[in-house]
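These notes concern the structure reproduced below.
Residue numbers (this note's numbering), protein chains in the order written: chain A, 291 to 594; chain B, -19 to 137.
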């Protein structure tokens, strides 16, 4: 089990059984996350939160998860309030905070930071996003959302939509869905297609994926539209960005008569119109809530 | 009738003969070894017929015995190469390069945003995920690098 290694770094470290275990544990945590039950299983434990990059949901849901289980948190929420501004190396910071706490949650703009941290501290390290790399806890909550709302993961058809090249959440999610044998479609502008190495990994695992640039191609038969933001800075020509952005905006009219749910790791800008929020399609805020029981399950499993 | 003159390649007295280099990769091997240099005599054979390989390259270096780190780098470019150490015209050591499962500290990650490229006190580390064609994956950022990206690291020819 991945928990015997003591760290949560990459979804590629997980087996299907590891994931199923977390999803089962998360379901048991839900009443505590909703404040219907109380727990103090992590009473006296301290979680270090090292967020070198901005975060709302990941950081606050980790804090909520730790506190709902009776534990406490310390840390920083942006690099400028840490000694990184004085030029301190990441390895020195994590070594120090690792001595103060019982586990570390780390978000950083460079890929591979969590793996490095895990190798140099004795306490468990959880990757809360490393650059364009991995974001395994987001993937686990995405899978939990599908399981909770649709009752299954395996026999679904999931379309990953938007920026598939740079979006770390879709990279991790594609690997995890491949483990479950879930059917996948990738919908993106040609400039932002899923990276070649991930396509090769998926092909190597015997997973065939349908790639298209049009949402309407997949809408009639997908169970989940997993939408990500297309970032303006990826396009040298602003006109090109505006043209593409319009083609990847989901609104109520587009979804009419479809049977899909719409998920999004958030924050969204205008890729999902607000008129979707109150429809049965829009599930992204529920998805955001599920981050709490999933992270409770991880903390409970890791912190001894 | 004139007989064609044959250019004899003289044997080396002390040094290293790198044989069975993948055809047309001898110049990459020289690059890895920071050759040519003013004070080292080097003989190169390229696209030489080989019963084992069809065609191969060959490099003879006078007065220099390779270090293990250099041999590990050559394995990335020419996985079938053999290294012969010569002393006083005799082969004293004959061995094959060995492409290790884990490659540490000899190449850099091609991802500029990888933590190993930022001055942290850590050596690069790669796992070989495919030997032929060569593909390695960074242990830290998980990015894959292929043969051409690895060759680029040794600089332009």
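Every residue gets a Cβ at the ideal spot worked out from N, C-alpha and C, and that includes glycine.
Through-space distance from residue j to residue i, alpha-carbon basis
i	j	result
residue 483 (chain A)	residue 338 (chain A)	36 Å
residue 310 (chain A)	residue 136 (chain B)	49 Å
residue 388 (chain A)	residue 320 (chain A)	29 Å
residue 469 (chain A)	residue 424 (chain A)	16 Å
residue 449 (chain A)	residue 26 (chain B)	51 Å
residue 259 (chain A)	residue 537 (chain A)	Limits of chain A in this structure are 291 at one end and 594 at the other, which puts residue 259 (chain A) out of reach.
residue 398 (chain A)	residue 550 (chain A)	33 Å
residue 370 (chain A)	residue 92 (chain B)	22 Å
residue 456 (chain A)	residue 99 (chain B)	24 Å
residue 330 (chain A)	residue 590 (chain A)	11 Å
residue 364 (chain A)	residue 352 (chain A)	11 Å
residue 367 (chain A)	residue 122 (chain B)	26 Å
residue 326 (chain A)	residue 354 (chain A)	14 Å
residue 478 (chain A)	residue 508 (chain A)	12 Å
residue -7 (chain B)	residue 71 (chain B)	10 Å
residue 97 (chain B)	residue 346 (chain A)	28 Å
residue 420 (chain A)	residue 566 (chain A)	30 Å
residue -4 (chain B)	residue 502 (chain A)	55 Å
residue 485 (chain A)	residue 44 (chain B)	43 Å
residue 401 (chain A)	residue 433 (chain A)	23 Å
residue 15 (chain B)	residue 48 (chain B)	17 Å
residue 308 (chain A)	residue 443 (chain A)	15 Å
residue 430 (chain A)	residue 497 (chain A)	20 Å
Proximity below 8 Å, CB of residue i to CB of residue j
i	j	result
residue 489 (chain A)	residue 323 (chain A)	no
residue 466 (chain A)	residue 474 (chain A)	no
residue 446 (chain A)	residue 427 (chain A)	no
residue 140 (chain B)	residue 133 (chain B)	The question about residue 140 (chain B) has no answer, for chain B in this structure spans -19 to 137.
residue 561 (chain A)	residue 540 (chain A)	yes
residue 53 (chain B)	residue 1 (chain B)	no
residue 342 (chain A)	residue 374 (chain A)	yes
residue 20 (chain B)	residue 42 (chain B)	yes
residue 111 (chain B)	residue 79 (chain B)	yes
residue 422 (chain A)	residue 395 (chain A)	no
residue 81 (chain B)	residue 120 (chain B)	no
residue 391 (chain A)	residue 439 (chain A)	no
residue 580 (chain A)	residue 435 (chain A)	yes
residue 9 (chain B)	residue 58 (chain B)	yes
residue 116 (chain B)	residue 83 (chain B)	yes
residue 6 (chain B)	residue 39 (chain B)	yes
residue 129 (chain B)	residue 90 (chain B)	yes
residue 415 (chain A)	residue 385 (chain A)	no
residue 393 (chain A)	residue 592 (chain A)	yes
residue 95 (chain B)	residue 406 (chain A)	yes
residue 348 (chain A)	residue 453 (chain A)	no
Secondary structure of residue i, DSSP reduced to three states
i	result
residue 31 (chain B)	coil
residue 319 (chain A)	helix
residue 188 (chain B)	With chain B running from -19 to 137 in the structure shown, residue 188 (chain B) is simply not present.
residue 88 (chain B)	coil
residue 354 (chain A)	helix
residue 512 (chain A)	coil
residue 311 (chain A)	helix
residue 338 (chain A)	strand
residue 579 (chain A)	helix
residue 394 (chain A)	strand
residue 333 (chain A)	coil
residue -7 (chain B)	coil
residue 587 (chain A)	helix
residue 518 (chain A)	coil
residue 95 (chain B)	helix
residue 536 (chain A)	helix
residue 388 (chain A)	helix
residue 403 (chain A)	helix
residue 306 (chain A)	helix
residue 527 (chain A)	coil
residue 299 (chain A)	coil
residue 71 (chain B)	strand
residue 348 (chain A)	helix
Minimum Cβ-Cβ distance from residue i to chain D less than 8 Å
i	result
residue 576 (chain A)	The chain inventory of the structure shown lacks chain D, comprising the protein chains A and B.
Item to check | 3 or more residues per run - each beta strand (DSSP E) lying fully within the segment 356 to 386 of chain A | outcome: The segment 356 to 386 of chain A contains these whole beta strand (DSSP E) runs: 362 to 366.
Next on the checklist: By the 9 Å beta-carbon criterion, what residues does the segment 88 to 109 of chain B contribute toward chain A?
Outcome noted: Legend: CB atoms of the segment 88 to 109 of chain B lying less than 9 Å from CB atoms of chain A belong to residues 89, 91, 93, 94, 95, 96, 97, 98, 99, 100, 101, 102.
Checklist entry - Which ranges would you report for the beta strand (DSSP E) in the segment 417 to 501 of chain A if only whole runs of at least 3 residues count? => result Correct list: 447 to 451, 473 to 477.
Next on the checklist: Please give the ranges of any beta strand (DSSP E) in the segment 538 to 566 of chain A, keeping only runs that are unbroken, at least 3 residues long and fully inside the region.
Outcome noted: Listed in chain order, they are 551 to 553.
Checklist entry - Name the residues in the segment 107 to 136 of chain B whose C-beta lies less than 8 Å from a C-beta of chain A; which are they? => result Those residues of the segment 107 to 136 of chain B that come within reach of chain A (Cβ to Cβ, closer than 8 Å) are 118, 119, 120, 121, 122, 123, 124.
Checklist entry - Relative to chain B, which residues along the segment 298 to 330 of chain A have a C-beta separation below 8 Å, given in chain order? => result Residues passing the 8 Å Cβ filter: 300, 302.
Checklist entry - Can you list the beta strand (DSSP E) stretches of 3 or more residues lying completely in the segment 28 to 67 of chain B, in chain order? => result Runs of the beta strand (DSSP E) inside the segment 28 to 67 of chain B: 34 to 42, 62 to 67.
Item to check | Where the segment 379 to 407 of chain A meets chain B: residues whose CB sits under 7 Å from a CB there | outcome: Taking 7 Å as the Cβ-Cβ cut-off against chain B, the residues of the segment 379 to 407 of chain A that qualify are 379, 380, 381, 400, 401, 402, 403, 405, 406.
Item to check | Members of the segment 418 to 443 of chain A that neighbour chain B once the beta carbon cut-off is set at 8 Å | outcome: Those residues of the segment 418 to 443 of chain A that come within reach of chain B (Cβ to Cβ, closer than 8 Å) are 420, 421, 422, 423, 424.
Next on the checklist: So if I threshold CB-CB distances at 7 Å, which residues from the segment 477 to 490 of chain A count as touching chain B?
Outcome noted: For the segment 477 to 490 of chain A, residues whose beta-carbon sits nearer than 7 Å to a beta-carbon of chain B comprise 487.
Checklist entry - Unbroken alpha helix (DSSP H) runs of length 4 or more, entirely within the segment 100 to 135 of chain B: which are they? => result With a minimum length of 4 residues, the continuous alpha helix (DSSP H) runs that stay inside the segment 100 to 135 of chain B are 127 to 133.
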